[in-house]
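Report on the following structure.
Structural data, given as structure tokens:
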């Protein structure tokens with residue numbers, strides 16, 4: 337079957353749906369340019385990761401089951417979030433172990449689930465053709481994307497192909513301080529970790545701090561006061577570089 | 067001790083964050099250890115394979131823990147040591163006090179031992195009228211200050227040179243300058259040397275114990291461990307039952323990774339192997355050697371999802387990479403075991419009801435798994451412990467309502483839409499320049515100004531054909 341004929345679902349994730357719709361717009365347009373026609377199954381909400389991580393396992397299991405049911409008709413499930421991808425791919429099968437029938441369905445879904453930059457590089461084999469130049473960026477490796485999915489090169493490869501210079505910061509894979517529920521349970525420490533991250537990003541003299549995780553993005557934007565740097569999702573930067581987003585109007 | 071709640075952890079963390087010296091000391095020390103570890107592992111022909119080997123050894127040892135412990139007991143007895151089994155911390159301290167009394171000991175010298183901190187041995191000795199003197203310089207400093215260690219490897223990392231000079235001046239009766247470090251060290255050495263010679267008993271931990279010869283192994287950098295275990299007539303070693311390896315070949319793997327992971331040294335300055343008390347032909351060494359094997363709930367975790375934590379070799383590498391530990395240091399954990407490993411074993415050894423906050427004091431960033439010589443999956447166990455805090459209602463009731471309510475809404479797309487509108491309406495008064503400005507009293511983010519919800523959901527844009 338030609339790849340374009342395959343059915344692909346876009347899982348926007350709850351944070352993108354609520355806070356960062358421009359990230360969804362950018363990601364979907366890029367997927368189209370790469371030759372795919374993503375669907376947006378409207379029943380989708382949240383993958384359940386916040387509940388697993390805060391100890392509400394039963395709630396996480398409910399959300400995992402409904403997410404599987406919504407997305408299993410598709411050949412590919414693509415998410416603009418490293419940590420939500422890790423939830424579907426790494427955590428779902430464990431969470432539903434011994435759960436009659438659901439375990440196999442979780443495994444099958446995990447095989448077809450891809451983080452957004454991973455999908456563009458490895459499945460779509462797509463490369464951006466830049467139409468405009470962007471200022472230098474620095475890239476924050478989000479924890480679960482880097483350490484659980486081992487996706488470090490994919491976003492960098494795409495940014496470089498889009499003509500974007502990356503000024504690497506020290507410990508680019510050190511946690512941004514978010515940690516989901518942690519950022520509310522121990523907010524002072526969460527903020528202090530984020531402040532360190534932003535300081536190191538600024539020291540690279542990049543004008544944009546790029547990440548592939550909506551959670552990190554919101555956390556870092558939340559601490560931006562008086563910091564001369566912008567925080568953006570990798571999809572938005574790529575879409576801008578290839579002229580799919582009008583910077584002034586959309587993100 | 068009152069339980070380490072989130073309120074306790076946060077209060078202590080705020081103090082740590084507000085202390086510029088501590089911030090600098092923590093950043094410096096953890097960076098030093100991190101860089102040292104990376105350099106030291108890179109020197110090995112295949113560090114990753116060695117870590118896998120250690121993991122296999124630790125797993126296999128735990129699978130037959132009882133057998134290896136019994137072998138160790140027999141061999142240690144053959145070498146002339148007395149082996150004691152302590153089920154609880156109370157039992158362990160009672161055994162130590164009893165040994166001290168039998169030998170009419172008034173003062174003991176100690177080398178650094180996390181296990182002795184775990185059982186609060188110093189307090190028990192003092193209550194029995196026996197004076198304990200810590201001889202690891204860092205441990206001595208915090209003993210003088212009446213504090214607890216803030217790092218597994220560097221217990222006094224939080225103390226300034228001025229504070230150290232003050233504490234040492236008071237202890238030695240001299241006027242010591244904070245600027246003359248060699249003089250400080252010399253004063254400490256003179257003071258402690260006298261204690262080594264006067265002490266009736268030396269107490270040490272053990273980094274590991276080797277079953278096939280009944281030996282314990284002690285690694286130190288200051289040499290105080292050798293004096294503690296050889297100068298006084300009685301030596302008592304206390305160790306957790308998981309610190310055992312079957313053979314010397316296994317011990318070599320452990321030792322090759324321990325100091326490298328901890329400080330970046332290929333080996334510590336001193337590696338002492340102790341097999342029984344002094345033999346008749348020995349010119350020095352203790353006449354009596356006692357080894358106390360402490361359980362303190364460890365055996366109850368064998369065969370459970372927490373068994374993996376017993377593979378820990380106490381190198382402290384996880385502390386140095388933990389984003390939380392690096393900002394707050396050890397004291398907020400309220401336990402001798404701090405950082406990611408402490409957040410897991412403190413609730414397991416002392417009770418989740420005593421440490422309900424610790425499983426939550428982590429971003430689950432998984433950096434600890436990357437550096438652990440035994441590749442222990444601490445984040446998995448942190449999530450399991452969090453689940454237990456929910457099941458045992460150890461989190462605020464209102465959190466439970468909020469979480470269950472949110473999960474229910476997220477399972478019902480129509481209510482999800484309704485709740486999205488509701489949230490926007492409720493938050494509208496607090497949004498300025500696209501960010502949330504909650505009044506300090508209601509602000510769960512401690513001043514972080516999160517971006518406001520977008521005017522339109524992504525799903526609305528999709529439905530309108532704007533994507």
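Residue numbers (the working numbering), protein chains in the order written: chain A, 337 to 587; chain B, 67 to 533. No residue lacks a Cβ here, since even glycine has one placed at the ideal position from N, Cα and C.
Query, Result
"Check whether the Cβ atoms of residue 375 of chain A and residue 348 of chain A lie closer than 9 Å to each other.", "no"
"What in chain B is Cβ-close to residue 372 of chain A, meaning under 8 Å?", "Result: empty, since nearest Cβ-Cβ is about 13 Å, beyond 8 Å."
"In chain order, what residues of the same chain lie with their CB nearer than 7 Å to the CB of residue 158 of chain B, ignoring the 5 residues before and after it?", "152, 185, 304, 358, 360"
"Consider the Cβ of residue 461 of chain B: report whether some Cβ of chain A lies at a distance smaller than 9 Å.", "yes"
"Under 9 Å, do residue 388 of chain B and residue 400 of chain B count as touching if we go by C-beta distance?", "no"
"Closer than 6 Å by C-beta to residue 333 of chain B: which residues in its own chain qualify, once you throw out the five before and the five after it? Chain order, please.", "325"
"For residue 474 of chain B and residue 395 of chain B, I'd like the C-alpha separation in whole angstroms.", "38 Å"
"Is it true that the CB of residue 556 of chain A sits closer than 9 Å to the CB of residue 480 of chain A?", "no"
"Find out if the Cβ-Cβ distance for the pair residue 519 of chain B, residue 355 of chain A is shorter than 9 Å.", "yes"
"Can we say the segment 453-468 of chain A touches the segment 536-547 of chain A, given the rule of at least three CB pairs closer than 8 Å?", "no"
"By the criterion of Cβ-Cβ separation under 9 Å, what are the contact partners of residue 474 of chain A in chain B?", "Within chain B, no residue comes near residue 474 of chain A; the closest Cβ sits about 18 Å away, beyond 9 Å."
"What number of angstroms, rounded off, separates the C-alpha of residue 275 of chain B from the C-alpha of residue 145 of chain B?", "14 Å"
"Within a Cβ cutoff of 8 Å, which residues of the same chain sit near residue 286 of chain B, ignoring the five residues on either side of it in sequence?", "177, 178, 202, 292, 334, 335, 336, 338"
"Among B/386, B/283, B/301, which has the Cα closest to the Cα of residue 320 of chain B?", "B/283"
"What ranges does the beta strand (DSSP E) occupy inside the segment 319-384 of chain B, keeping only unbroken runs of at least 3 residues that lie completely in it?", "336-340, 354-360"
"List, in chain order, every chain B residue whose beta-carbon is nearer than 9 Å to that of residue 508 of chain A.", "The premise fails here: residue 508 of chain A is roughly 12 Å from chain B at the closest Cβ pair, so nothing lies under 9 Å."
"Please go through the same chain and pick out, in chain order, the residues whose beta-carbon is closer than 8 Å to the beta-carbon of residue 476 of chain B, but skip the five residues on each side of it.", "482"
"Tell me which same chain residues have a C-beta within less than 7 Å of the C-beta of residue 584 of chain A, skipping the five on either side of it?", "The predicted position of residue 584 of chain A is uncertain, since its pLDDT is 47 and thus under 50; no value can be drawn from it."
"Look at the alpha carbon of residue 270 of chain B and the alpha carbon of residue 467 of chain B, and state the distance between them as a whole number of angstroms.", "49 Å"
"Just tell me which of B/243, B/249, B/236, B/298 has its CA closest to the CA of residue 264 of chain B.", "B/298"
"Just list the beta strand (DSSP E) runs in the segment 221-301 of chain B, keeping only unbroken ones of 3 residues or longer that don't cross its boundaries, in chain order.", "267-270, 274-276, 281-286"
"Do you know how far the Cα of residue 188 of chain B is from the Cα of residue 415 of chain B?", "19 Å"
"In the DSSP assignment, find the alpha helix (DSSP H) that holds residue 572 of chain A and state where it starts and stops.", "570-577"
"Got a sec: which bits of the segment 528-539 of chain A sit with their beta carbon under 7 Å from any beta carbon on chain B, in order along the chain?", "528, 529"
"Shorter than 9 Å from the beta carbon of residue 427 of chain B to some beta carbon of chain A?", "yes"
"Given residue 367 of chain B, which residues of its chain have a CB within under 8 Å of its CB, disregarding the five upstream and five downstream residues?", "373, 375, 376, 414"
"What did DSSP end up calling residue 474 of chain A once you bin it into helix, strand or coil?", "strand"
"Please tell me whether residue 460 of chain A and residue 408 of chain A are closer than 9 Å, where the distance is taken between their beta carbons.", "no"
"For residue 410 of chain A, does the three-state DSSP call read helix, strand or coil?", "coil"
"For residue 269 of chain B, is the beta carbon positioned less than 8 Å from some heavy atom of the ligand NAP?", "Among the ligands in the structure shown, none appear at all, so the ligand NAP cannot be discussed."
"I want to see whether chain B comes within less than 9 Å of residue 559 of chain A, judged by CB atoms only; does it?", "yes"
"Looking at the structure shown, is residue 442 of chain B part of a helix, part of a strand, or coil, going by DSSP?", "coil"
"Could you check how far apart the C-beta atoms of residue 368 of chain A and residue 575 of chain A are, in whole angstroms? I think they sit under 8 Å.", "Residue 368 of chain A to residue 575 of chain A, Cβ: 11 Å. No contact."
"Do you know how far the Cα of residue 420 of chain A is from the Cα of residue 496 of chain A?", "25 Å"
"Using the three-state DSSP reduction, which class does residue 371 of chain A fall into: helix, strand or coil?", "coil"
"Taking only the alpha-carbon atoms, compute the straight-line gap between residue 397 of chain A and residue 387 of chain A and give it to the nearest angstrom.", "9 Å"
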